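Trainee: Position one of the sequence shown corresponds to residue 0 (numbering that gives the first Met the number 0), numbered consecutively onward.
First the structure, which I've put down as structure tokens, then a few questions once you've had a look.
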Amino acid sequence: MFSSLFHRLRPSLCRKSSRATRRDAHRHLAFESLERRELMSATALTDFTVSANTGEKPQSKVWEYADQWYSVMPDKSGTWIWKLNGTQWTKHLQLSTSGKFNADVKVDGNLAHVLLYGGTSSKLATVEFDHGPDNRYEMWSLRPELVDIVLTKGVETATLELDSTGRMWIASDAKSTVEVRYSDAANRFRAWSGPITVASGINSDDISSIIAMPNGSIGVFWSNQSTDRFGFRLHVDGADPTVWHAAESPAAQSALSVGKGLADDHLHMAVASDGTLYVAVKTSYDKSGYPKIALLVRRPSGEWDELYAVSNSGTRPIVVLNEAVGKLIIAYTSKEGGGNILYRESPLDVIAFGPQQTLIAGKVNDVSSTKQSVDDELVLIAGSGKTVKSVVYRFDIPIQQTAAAPTTTTFVMPPMNLAPVVDAGLDVAVQLPSLASLAATVTDDGLPGSSLTLLWTRVSGPGSVTFGDATSANTTAQLSAAGTYVLRLTASDGQLQAFDEITVTVTEPAPVVAKKLTKKEARALARSRRR
Numbered sequence: 000m001f002s003s004l005f006h007r008l009r010p011s012l013c014r015k016s017s018r019a020t021r022r023d024a025h026r027h028l029a030f031e032s033l034e035r036r037e038l039m040s041a042t043a044l045t046d047f048t049v050s051a052n053t054g055e056k057p058q059s060k061v062w063e064y065a066d067q068w069y070s071v072m073p074d075k076s077g078t079w080i081w082k083l084n085g086t087q088w089t090k091h092l093q094l095s096t097s098g099k100f101n102a103d104v105k106v107d108g109n110l111a112h113v114l115l116y117g118g119t120s121s122k123l124a125t126v127e128f129d130h131g132p133d134n135r136y137e138m139w140s141l142r143p144e145l146v147d148i149v150l151t152k153g154v155e156t157a158t159l160e161l162d163s164t165g166r167m168w169i170a171s172d173a174k175s176t177v178e179v180r181y182s183d184a185a186n187r188f189r190a191w192s193g194p195i196t197v198a199s200g201i202n203s204d205d206i207s208s209i210i211a212m213p214n215g216s217i218g219v220f221w222s223n224q225s226t227d228r229f230g231f232r233l234h235v236d237g238a239d240p241t242v243w244h245a246a247e248s249p250a251a252q253s254a255l256s257v258g259k260g261l262a263d264d265h266l267h268m269a270v271a272s273d274g275t276l277y278v279a280v281k282t283s284y285d286k287s288g289y290p291k292i293a294l295l296v297r298r299p300s301g302e303w304d305e306l307y308a309v310s311n312s313g314t315r316p317i318v319v320l321n322e323a324v325g326k327l328i329i330a331y332t333s334k335e336g337g338g339n340i341l342y343r344e345s346p347l348d349v350i351a352f353g354p355q356q357t358l359i360a361g362k363v364n365d366v367s368s369t370k371q372s373v374d375d376e377l378v379l380i381a382g383s384g385k386t387v388k389s390v391v392y393r394f395d396i397p398i399q400q401t402a403a404a405p406t407t408t409t410f411v412m413p414p415m416n417l418a419p420v421v422d423a424g425l426d427v428a429v430q431l432p433s434l435a436s437l438a439a440t441v442t443d444d445g446l447p448g449s450s451l452t453l454l455w456t457r458v459s460g461p462g463s464v465t466f467g468d469a470t471s472a473n474t475t476a477q478l479s480a481a482g483t484y485v486l487r488l489t490a491s492d493g494q495l496q497a498f499d500e501i502t503v504t505v506t507e508p509a510p511v512v513a514k515k516l517t518k519k520e521a522r523a524l525a526r527s528r529r530r
């Protein structure tokens, strides 16, 4: 009943000027019920020994079925399904005698399809849950054997999905292309197509991932460090497997010419039931003050939001949804080479990240969890050499019992941090070599308590821009060439950021017109030159 009495207005994350009309289409107001669940309790699980890390980056190797959690990891005796019993992981079913696979798992009812990624020589295993006396997973009775999956030379990772027709897809990368393969349920996924190229011109270090969209399509997302951008394409379920929609450039409007650009080969996807796609990525900006971990969001309309900054440090992020409570979390390693596994949480309706918190302490890496949208609890794993550390988080409703009335439950709403409000000022017109004067205003609510940081950057323009003080709202800009420039002022309060843009039009100096001399002036000038 409390949800009908108490609501809190949540404004849009970023205030943008009327000049950014293509992005304003997604500005909206939303309400979040006061009665809500939060990540409230965590239980560290017992470590277990393995023979491979918990990668690869886009894969998901944890799932829940019949109120039990499972994972696929190898040890020296082979690759196993592990079952979580209390706080202990125990071997449940052996899938292979090889201990060198990295798994990606897709759950389909009582079946779990497991891609055992091993480079060009990978395998497909399918298991089914027996609800009889054994109450356990067994190899699929309709195809108990493993299926060979031959991938193209140069592959770095692979993921699998099922579309709405029951067709199975695998996405993988080659030296310079993104490929998909498919197989149908009629042959129990034994026979696979040849590779279909979805994208080309990528770097040999780039990767891809595949996801089933709830609108009857399949989507492939990839990194392209050759163009400094990410890419995404859709295929309509049941259509010719070689026919795909035109490639999209996710959040390209947010790309900056900083470091090595927007794209890096770290990505992980989750999709909501309304068709909103969430992609956790790592950028290649690699410069202090710029986001390294970010969230990209594709709306059901097909439009991509501006990039949402998550952290200016970190690596190997994943995203997990909890639609039951309307939230997502981004989990990532605190630093390159291993560190704590951190997370930040945001509502799904209006992206606004809360404070950074620790999920798993220690020098670990490659956090992994589930493709599923979770409900009451979430299990995450991460590797540390030959050891897997893991944690289970439970979602609870935060309540406070009053001493005066023990039977009364009071719901407590903490102060809500709002993003700064940025006005970059009026558009400017200058003539070379004059400086452009920039006069912006920025206001903030003072939360979460950290100091407000500002940064002017060049979004576009024919030449370079030198700011008098790029961290001041009121400053100057020296522009090197004539033309039209877009300059952006970004403000961050340590958790949330907002920006606004102005246009600066630069023209060449007016030509100097020589004065025409009178006859008397001309004779005087001639005499002076003869002296």
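The beta-carbon is built from N, C-alpha and C at its ideal position, and this holds for glycine as well.
Remember, it's a predicted structure, so these values are computed and weren't measured experimentally.
Does DSSP put residue 223 in a helix, a strand or coil?
Mentor: strand
Trainee: Pull up the CB-CB distance for residue 207 and residue 221, whole angstroms please, since I reckon it's below 8 angstroms.
Mentor: So it is a contact: roughly 4 angstroms between Cβ atoms.
Trainee: Give a yes or no on whether 8 angstroms exceeds the smallest Cβ distance from residue 50 to chain C.
Mentor: Judged by its chain identifiers, the structure shown contains no chain C, having just a single protein chain.
Trainee: In chain order, which beta strand (DSSP E) runs of at least 3 residues are fully inside the stretch 465-504?
Mentor: 473-478 and 482-491
Trainee: Within 8 angstroms, do at least three Cβ pairs link the stretch 211-229 to the stretch 274-282?
Mentor: yes
Trainee: Kindly list the residues whose CB is nearer than 8 angstroms to the CB of residue 363, restricted to its own chain and excluding five residues on each side of it in sequence; keep chain order.
Mentor: Same-chain partners within the cutoff: 332, 337, 338, 339, 340, 381, 382, 383 and 388.
Trainee: What distance in whole Å lies between the Cβ atoms of residue 174 and residue 224, which are believed to be in contact at a cut-off of 8 angstroms?
Mentor: Contact doesn't hold; Cβ gap of about 13 angstroms is too wide.
Trainee: Any idea which residues DSSP pairs residue 321 with across the strands?
Mentor: 326
Trainee: Just to confirm the assignment: which complete beta strand (DSSP E) runs, minimum length 3, are found wholly within the stretch 75-106?
Mentor: 77-84 and 87-95
Trainee: On the CB-based measure, 16 or more other CB atoms within 10 Å of its CB, does residue 176 come out buried or exposed?
Mentor: buried
Trainee: Note down, in chain order, each residue of its chain lying with its Cβ closer than 8 angstroms to the Cβ of residue 464, except the 5 sequence neighbours on either side.
Mentor: 457, 476, 477, 478, 479, 484 and 486
Trainee: Tell me the rounded alpha-carbon separation between residue 152 and residue 41.
Mentor: 42 angstroms
Trainee: Near residue 428, what residues of its chain come up, given a Cβ to Cβ distance below 6 angstroms and the 5 sequence neighbours on each side ignored?
Mentor: 504
Trainee: By the 10 Å Cβ neighbour count, where 16 or more other Cβ atoms means buried, how is residue 445 classified, buried or exposed?
Mentor: exposed
Trainee: Taking Cβ to Cβ, would you say residue 606 is nearer than 8 angstroms to residue 157?
Mentor: Residue 606 cannot be examined here, being either before or after the span of the chain that is shown, 0 to 530.
Trainee: Give me, in chain order, the residues of the same chain whose beta-carbon lies closer than 6 angstroms to that of residue 235; leave out the 5 immediate sequence neighbours on both sides.
Mentor: 216
Trainee: Where do the N-terminal and C-terminal ends of the alpha helix (DSSP H) with residue 377 fall, by residue?
Mentor: It is not in any alpha helix (DSSP H) - residue 377 instead sits in the beta strand (DSSP E) that spans 376-383.
Trainee: Can you tell me whether residue 507 is helix, strand or coil according to DSSP?
Mentor: Residue state, collapsed to three classes: coil.
Trainee: Using C-beta distances below 8 angstroms, list every residue in its chain close to residue 588, excluding the 5 sequence neighbours before and after it, in chain order.
Mentor: Since the displayed the chain opens at 0 and closes at 530, residue 588 lies outside it and no answer follows.
Trainee: To the nearest angstrom, how far is it from the Cα of residue 124 to the Cα of residue 94?
Mentor: 7 angstroms
Trainee: For residue 232, count neighbouring Cβ atoms within 10 angstroms of its own Cβ and tell me buried if that reaches 16, exposed if not.
Mentor: buried
Trainee: What separation, rounded to the nearest whole angstrom, lies between the Cα atoms of residue 526 and residue 454?
Mentor: 60 angstroms
Trainee: With burial defined as no fewer than 16 other Cβ atoms inside 10 Å of the residue's Cβ, what is the status of residue 213: buried or exposed?
Mentor: exposed
Trainee: Return helix, strand or coil for residue 451, following the three-state DSSP convention.
Mentor: DSSP, read as helix, strand or coil, puts residue 451 in coil.
Trainee: Over what stretch of residues does the alpha helix (DSSP H) that includes residue 520 continue unbroken?
Mentor: 518-529
Trainee: Going by C-alpha distance, which of 284, 490 and 508 is nearest residue 500?
Mentor: 490
Trainee: Name the two residues that bound the continuous beta strand (DSSP E) containing residue 122.
Mentor: Counted as a single uninterrupted DSSP element, the beta strand (DSSP E) harbouring residue 122 occupies residues 120-129.
Trainee: So, helix, strand or coil for residue 250, using DSSP?
Mentor: Judged by DSSP in its simplified three-state form, residue 250 adopts coil rather than helix or strand.
Trainee: Please report how far the alpha carbon of residue 495 lies from the alpha carbon of residue 59, in whole angstroms.
Mentor: 28 angstroms
Trainee: Cutting at 6 angstroms between CB atoms, please list the residues of its own chain near residue 323, excluding the five before and the five after it.
Mentor: 374
Trainee: For residue 105 versus residue 160, is the C-beta distance shorter than 8 angstroms?
Mentor: yes
Trainee: Tell me the rounded alpha-carbon separation between residue 518 and residue 511.
Mentor: 22 angstroms
Trainee: Are the stretch 418-425 and the stretch 434-441 touching by the rule of at least three beta carbon pairs closer than 8 angstroms?
Mentor: yes
Trainee: Tell me whether residue 185 sits in a helix, a strand or coil according to DSSP, three-state version.
Mentor: In the structure shown, residue 185 sits in a helix (DSSP, three-state: H, G or I).
Trainee: Do residue 506 and residue 481 count as a contact pair if the criterion is CB distance below 8 angstroms?
Mentor: yes
Trainee: Kindly indicate which three-state DSSP category residue 535 falls into: helix, strand or coil?
Mentor: Residue 535 cannot be examined here, being either before or after the span of the chain that is shown, 0 to 530.
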